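Below is one structure, written out as structure tokens, with a few remarks after it.
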Amino acid sequence: MMTTTTMKRKAASYLFRYSRNFHSDQRFNLNRNNSRLLSGTFLCCKTPIIRDSTPISQYCRNAYHASAINHFRMASGFQFRRFASLSSVVQRNPSFSRLNSDDIDFFRSILGEKNVVQDEDRLLDANTDWLRKYRGSSKLLLQPRSTEEVSQILKYCNSRDLPVVPQGGNTGLVGGSVPVFDEVIINLGLMNDIISFDKVSGILVCEAGGILENLSSFLDNQGFIMPLDLGAKGSCQIGGNVSTNAGGLRLVRYGSLHGSVLGLEVVLADGSVLDMLTTLRKDNTGYDLKHLFIGSEGTLGIITKISILTPSKLPATNVAFLGCKDYSSCQKLLVDAKRKLGEILSAFEFLDNMSMDVVLNHLEGTRNPLPSTMHNFYVLIETTGSNDSYDKEKLEAFLLRSMEDGLISDGVLAQDINQISSFWQIREGISEALMKAGAVYKYDLSLPVEKMYDIVEAMRTRLGNSAIVIGYGHLGDGNLHLNISTPQYDDAVLAQIEPFVYEWTSNHRGSISAEHGLGLMKANKIFYSKSPEIVQIMASIKKLLDPRGILNPYKVLPHSLGS
């Protein structure tokens with residue numbers, strides 16, 4: 000904990016006093032205005048319309064020119080509305096077979112009665128995504144317990160032209176983990192064993208159904224951590240994380256899964272098993288094929304095992320929650336943090352005042368760490384290191400200098416684990432708060448940091464008073480979560496948002512999907528981020544590995560290329 004002596008050495012002119020009013024805990028407060036240090040102390044839009052007879056050419060001609068509403072009723076009687084643009088009409092692949100009783104008998108013969116699920120309530124959950132945005136009509140959920148069972152399932156489905164959708168925790172946001180039509184759902188939740196862990200190298204080998212939080216708890220007991228941290232960690236599975244190349248809150252420190260994942264075991268569409276489950280840090284023998292499957296969203300193969308490099312758990316964690324006057328200050332703060340915090344910087348998140356407002360109004364139990372005034376922007380900085388006193392001194396010096404330079408208007412430094420959790424709850428709770436606030440249009444964009452917030456301001460100008468536009472995300476790696484909140488879904492609002500949001504991102508050489516993937520939602524939008532030549536190569540790889548197109552059809556690649 001910061002001492003008065005330490006702070007006096009750093010800034011003798013600063014005054015000290017105590018406050019016990021924040022979360023019933025003590026707080027350290029930086030306030031530039033008076034130069035004091037206070038120490039001590041539900042539904043989303045853009046669901047494609049699913050039809051069996053509309054020609055693909057029709058939706059291309061009608062792109063962005065019309066929209067429709069589809070109603071469906073859940074078993075409980077609660078009615079959901081799905082909004083969609085006709086540009087996203089999907090036609091069921093006529094070459095796919097329909098499920099019959101012989102298929103059910105075969106699956107029972109290899110999985111047993113219990114793991115062949117036809118119960119309507121369980122199927123309802125498996126057919127519907129987390130946002131209640133997409134709903135398929137699958138009549139069958141399979142729960143394999145081993146790679147061999149996955150192999151048998153796929154070999155049979157491939158021979159019968161039965162499409163399948165791999166499913167993990169079903170926490171995705173773009174419709175990638177649920178059926179579009181009647182695809183057979185293959186859920187890997189029962190494949191959750193930890194196969195091995197090497198305490199010397201920190202390499203974990205596990206099955207794909209392991210829940211991220213459970214793996215993190217296991218590693219915590221071993222003195223290690225997972226290299227990724229997500230808000231959905233209590234439900235998401237590591238296989239789904241890898242197949243979507245999930246980013247999360249630690250990417251600025253540990254990089255993407257393309258760097259952390261050392262090896263994979265993957266089952267291809269024909270049932271053949273690719274054993275790439277190496278635990279070697281270096282292996283330069285030919286093409287590194289595992290990278291094809293990281294981020295492919297289950298369209299090239301089903302990941303069944305993962306080998307991943309995990310960092311050591313460091314004993315010193317510090318979190319600061321800061322108020323900034325403008326986005327320019329946030330950018331400068333990021334540059335300085337990278338230079339002056341260096342090796343201990345582990346997260347750099349930002350949110351605007353609209354984000355803070357929606358959290359405070361819609362997320363129960365959340366309080367503003369800086370209650371004296373609302374700031375235009377907020378930044379959460381986390382550091383992790385091996386020396387608590389050194390890290391604190393380094394962070395405090397950085398915060399003092401940033402305050403003197405006018406980059407920080409106010410701030411608090413967490414004094415214990417409860418305050419650390421409360422700070423993170425604000426950042427991680429934005430998505431949940433938005434769902435409670437009403438209708439929300441969500442976009443996950445990667446942009447040059449200096450341009451990230453320009454699209455938020457452009458969207459506010461474009462929409463005026465018809466919507467609340469919110470911007471937050473991973474400033475440390477240039478990932479903006481653009482959210483447009485309205486009382487209810489409105490075709491006129493959607494027409495103002497799309498295709499503008501994609502065109503703006505493309506014009507600024509950004510990506511229309513930073514970490515959520517393409518799924519069904521953005522499959523037809525891929526050309527905003529990838530050239531036709533690149534997309535054609537992707538389609539060729541898909542054709543090579545899944546010639547019948549049974550793996551997660553209608554996802555990732557544009558529907559005009561066919562599944």
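So in my numbering, spot 207 of the sequence shown is number 206, and the numbers just go up one at a time.
From the three backbone atoms N, C-alpha and C, an ideal C-beta is built for every residue, glycine too.
These numbers were taken from a predicted model, which means no experiment stands behind them.
Closer than 6 Å by C-beta to residue 127: which residues in its own chain qualify, once you throw out the five before and the five after it? Chain order, please. 134
What would DSSP say about residue 60, mapped onto helix, strand or coil? Residue placement at residue 60 is poorly supported in this model, since its pLDDT is 30, which falls under 50; the coordinates still yield a value, given next. Looking at residue 60 - three-state DSSP - the assignment turns out to be helix.
So, at 7 Å on beta carbons, what are the nonlocal neighbours of residue 401 in its own chain, with the 5 sequence-adjacent residues on each side left out? 332, 335, 407
Touch check for the stretch 88 to 98 and the stretch 546 to 553: three-plus C-beta pairs under 8 Å? Judged by Cβ distances under 8 Å, the stretch 88 to 98 makes contact with the stretch 546 to 553, as three or more pairs qualify.
Hey, residue 307 and residue 259: beta-carbon distance below 8 Å or not? yes
Suppose contacts are defined by Cβ-Cβ distances below 8 Å. Is residue 563 in contact with residue 318 by that definition? For the chain, the structure presents residues 0 to 562; residue 563 sits outside this window and is missing.
Supposed contact pair residue 544 and residue 250 - C-beta distance, whole angstroms, cut 8 Å: That belief does not hold up - the Cβ atoms of residue 250 and residue 544 are roughly 28 Å apart, past 8 Å.
Exposed or buried, residue 360, counting other C-beta atoms within 10 Å across all chains shown (16 or more means buried)? exposed
Indicate, with yes or no, if the ligand NAD has a heavy atom lying under 7 Å from the CB of residue 441. Ligands are entirely absent from the displayed structure, and the ligand NAD is therefore not among its contents.
Where residue 546 and residue 539 are concerned, what is the direct C-alpha to C-alpha distance, given to the nearest angstrom? 9 Å
Let's test the definition: count the other Cβ atoms within 10 Å of the Cβ of residue 500 and tell me whether it reaches 16, buried, or not, exposed. buried
Count Cβ pairs between the stretch 194 to 213 and the stretch 151 to 159 that sit closer than 8 Å; are there 3 or more? no
State buried or exposed for residue 232, treating a residue as buried only when at least 16 other CB atoms are found within 10 Å of its CB. buried
Hey, residue 303 and residue 265: beta-carbon distance below 8 Å or not? yes
Own chain partners of residue 51 with C-beta closer than 6 Å, once the 5 adjacent residues on each side are dropped: Bear in mind that a pLDDT of 38 at residue 51, under 50, signals an unreliable position, so the number given afterwards is only what the model happens to contain. 91.
Using a Cβ-Cβ cut-off of 7 Å (strictly less than) and excluding sequence neighbours within five positions of residue 542, which residues of its own chain qualify? none
Per DSSP, which one or two residues make a beta bridge with residue 166? 186
Between residue 298 and residue 292, what straight-line distance do the alpha-carbon atoms span, to the nearest angstrom? 8 Å
Restricting to Cα atoms, I'd like to know which of 468, 131, 515 is closest to residue 351. 468
Out of 524, 427, 560, state which residue places its alpha-carbon closest to the alpha-carbon of residue 247. 427
Spell out the partners DSSP gives residue 554 in its beta bridges. BP columns for residue 554 are empty, so no partner.
What does residue 133 pair with, by DSSP beta-bridge criteria? According to DSSP, which records beta bridges pairwise, residue 133 is partnered with nothing at all.
Of the residues 99, 387, 394, the one placed nearest residue 379, counting alpha carbons only: 394
Touching or not, the stretch 210 to 229 and the stretch 267 to 286, by the rule of three or more beta carbon pairs under 8 Å? Counting Cβ pairs under 8 Å, fewer than three are found: no touch.
Spatial distance of residue 578 from residue 296 (CA atoms): With the chain represented from 0 up to 562, any question about residue 578 goes unanswered, as that position is not in the structure.
With which residues is residue 510 paired in a DSSP beta bridge? 445
With a threshold of 6 Å on Cβ separation, who are the neighbours of residue 316 within its own chain once the five nearest residues in sequence on each side are excluded? If you ignore the 5 residues before and after residue 316, its C-beta comes within less than 6 Å of the C-beta of 383, all in its own chain and listed in chain order.
What do you get for residue 528, buried or exposed, if any count of 16 or more other CB atoms within 10 angstroms of its CB means buried? buried
When DSSP builds the beta bridges, which residues end up paired with residue 470? Residue 470 is bridged to 481.
List the DSSP bridge partners of residue 311. 223
Can you tell me whether residue 532 is buried or exposed? The criterion is at least 16 other CB atoms within 10 Å of its CB, across all chains shown. By the neighbour-count rule (16 or more Cβ atoms within 10 Å), residue 532 is not buried but exposed.
Touch check for the stretch 178 to 191 and the stretch 279 to 286: three-plus C-beta pairs under 8 Å? The way I'd put it, the stretch 178 to 191 doesn't touch the stretch 279 to 286; fewer than three beta-carbon pairs between them come closer than 8 Å.
Contact defined as beta carbons within less than 8 Å: I believe residue 186 pairs with residue 142. What is the distance between those atoms, to the nearest angstrom? 5 Å
Let me check understanding here. Comparing Cα to Cα, which of 252, 227, 278, 211 lies closest to residue 204? 278
Does the beta-carbon distance from residue 473 to residue 348 come in below 8 Å? yes
Cα-Cα, which of 171, 132, 518, 161 is closest to residue 236? 171
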